[in-house]
Amino acid sequence: QKEVEQDPGPLSVPEGAIVSLNCTYSNSAFQYFMWYRQYSRKGPELLMYTYSSGNKEDGRFTAQVDKSSKYISLFIRDSQPSDSATYLCAYLQGGSEKLVFGKGTKLTVNP
Amino acid sequence: GAVVSQHPSWVICKSGTSVKIECRSLDFQATTMFWYRQFPKQSLMLMATSNEGSKATYEQGVEKDKFLINHASLTLSTLTVTSAHPEDSSFYICSAPTSGAGLRNEQFFGPGTRLTVL
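Spelled out as structure tokens, the structure:
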């Protein structure tokens, strides 16, 4: 079983839609959960991070973690064409600086 | 946020030649930097950890003699792809962690270097 599973998509939605992106993981040692956004031919940029189960909101973005199910989600409300990018989930073990990435989900928001 | 730069942003080279990629932390010091490789439609795969003042540590399956890493200073790490072959063509990205008020050791990524080996 892979450490991180993420559906690569692609996902195409109309502008204004609510987007749901998901990842599952198998390593119980993961303590930090992150979502990165990567535009084409650019390096990833950190969108959100959390280290506990529950929801964390930042503007139009909500990160959700369910440690019991080893499942994390990113919700984007009122999606915009500028949100079109690849979204990668990432994990960090406690005491480690090595990030483990999912494959990324390519999102296109159509105007 | 902190800024990490990479140079060059893209490079085309002939098979058998060596290519050097630079990664710089512009406004902070980084004793550790990470080098990733990303193939099309694939995730970022960690290749190695670059340590200032000591040898790099490589992930399993990454040839240390082929991918030479030198962490020359607290703001510069270089990756040299030696005797490059077409299968080395990929997007190479570096990152550097920094301690901040937010996420412990948040990593900032460079813009990446696209290598094409003919």
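So the sequences go chain by chain: V and F.
As numbered in the working numbering, residues 1 to 111 make up the first sequence, in order.
As numbered in the working numbering, residues 1001 to 1118 make up the second sequence, in order.
Heads up, the beta-carbon is just placed ideally off N, CA and C, and yes, glycines get one too.
Rounded straight-line distance, which links the Cα of residue j to that of residue i
{"i": "Ser1095 of chain F", "j": "Thr1049 of chain F", "result": "10 Å"}
{"i": "Leu1118 of chain F", "j": "Glu1063 of chain F", "result": "21 Å"}
{"i": "Tyr71 of chain V", "j": "Ala17 of chain V", "result": "22 Å"}
{"i": "Tyr112 of chain V", "j": "Lys1066 of chain F", "result": "Absent from the model: residue 112 of chain V. The displayed extent of chain V is 1 to 111, so no value can be given."}
{"i": "Asp1088 of chain F", "j": "Pro10 of chain V", "result": "26 Å"}
{"i": "Tyr39 of chain V", "j": "Gly104 of chain V", "result": "11 Å"}
{"i": "Lys1130 of chain F", "j": "His1071 of chain F", "result": "Residue coverage of chain F in this structure runs from 1001 to 1118, which leaves residue 1130 of chain F outside it and unanswerable."}
{"i": "Thr62 of chain V", "j": "Ser1015 of chain F", "result": "46 Å"}
{"i": "Gly95 of chain V", "j": "Ser52 of chain V", "result": "16 Å"}
{"i": "Asp58 of chain V", "j": "Gln1042 of chain F", "result": "27 Å"}
{"i": "Glu3 of chain V", "j": "Ser26 of chain V", "result": "5 Å"}
{"i": "Val1019 of chain F", "j": "Gln93 of chain V", "result": "33 Å"}
{"i": "Tyr91 of chain V", "j": "Glu45 of chain V", "result": "14 Å"}
{"i": "Gly43 of chain V", "j": "Gly1053 of chain F", "result": "26 Å"}
{"i": "Gly54 of chain V", "j": "Ser69 of chain V", "result": "12 Å"}
{"i": "Ile76 of chain V", "j": "Gln64 of chain V", "result": "11 Å"}
{"i": "Met34 of chain V", "j": "Gln1107 of chain F", "result": "11 Å"}
{"i": "Leu74 of chain V", "j": "Pro14 of chain V", "result": "17 Å"}
{"i": "Pro1040 of chain F", "j": "Ser1073 of chain F", "result": "31 Å"}
{"i": "Phe1091 of chain F", "j": "Arg60 of chain V", "result": "30 Å"}
Residues bridged to residue i (per DSSP)
{"i": "Ala85 of chain V", "result": "V:Leu107"}
{"i": "Lys1020 of chain F", "result": "F:Thr1080"}
{"i": "Gln80 of chain V", "result": "Per DSSP, none; premise fails for Gln80 of chain V."}
{"i": "Pro1097 of chain F", "result": "F:Gln1107"}
{"i": "Ser73 of chain V", "result": "V:Asn22 and V:Gln64"}
Proximity below 8 Å, CB of residue i to CB of residue j
{"i": "Glu1022 of chain F", "j": "Gln1006 of chain F", "result": "yes"}
{"i": "Pro1097 of chain F", "j": "Thr1032 of chain F", "result": "yes"}
{"i": "Asp83 of chain V", "j": "Val109 of chain V", "result": "yes"}
{"i": "Val1011 of chain F", "j": "Asp1027 of chain F", "result": "no"}
{"i": "Gly1112 of chain F", "j": "Arg41 of chain V", "result": "yes"}
{"i": "Thr1075 of chain F", "j": "Ala1030 of chain F", "result": "yes"}
{"i": "Leu1119 of chain F", "j": "Val1081 of chain F", "result": "No answer is possible for residue 1119 of chain F: it lies beyond the span of chain F, which begins at 1001 and ends at 1118."}
{"i": "Leu107 of chain V", "j": "Val19 of chain V", "result": "yes"}
Beta strand (DSSP E) segment containing residue i, residue limits
{"i": "Val1003 of chain F", "result": "That residue, Val1003 of chain F, is in no beta strand (DSSP E); it is neither H nor E in DSSP."}
{"i": "Gly54 of chain V", "result": "Gly54 to Asp58"}
{"i": "Leu1115 of chain F", "result": "Thr1113 to Val1117"}
{"i": "Val1081 of chain F", "result": "Leu1076 to Val1081"}
{"i": "Pro1086 of chain F", "result": "Looking at the DSSP string, Pro1086 of chain F is not in any beta strand (DSSP E), and its letter there is neither H nor E."}
{"i": "Ala1030 of chain F", "result": "Segment: none, Ala1030 of chain F is in no beta strand (DSSP E) and carries neither H nor E."}
{"i": "Gln1042 of chain F", "result": "Segment: none, Gln1042 of chain F is in no beta strand (DSSP E) and carries neither H nor E."}
{"i": "Glu1106 of chain F", "result": "Glu1106 to Phe1109"}
Cβ-heavy atom distance, residue i to the ligand MG, below 7 Å
{"i": "Tyr1092 of chain F", "result": "This structure does not include the ligand MG; it has no bound ligands of any sort."}
Please list the segments of the beta strand (DSSP E) lying wholly inside the region 1045–1078 of chain F, counting only runs of 3 or more residues, in order along the chain.
-> Here the runs fully enclosed are 1045–1051 and 1067–1073.
Go through the region 2–58 of chain V residue by residue and report every complete run of the beta strand (DSSP E) that reaches 3 residues or more, in order.
-> Along the length of the region 2–58 of chain V, whole beta strand (DSSP E) runs at least 3 residues long occupy 4–6, 11–14, 19–25, 30–38, 45–50 and 54–58, reported in chain order.
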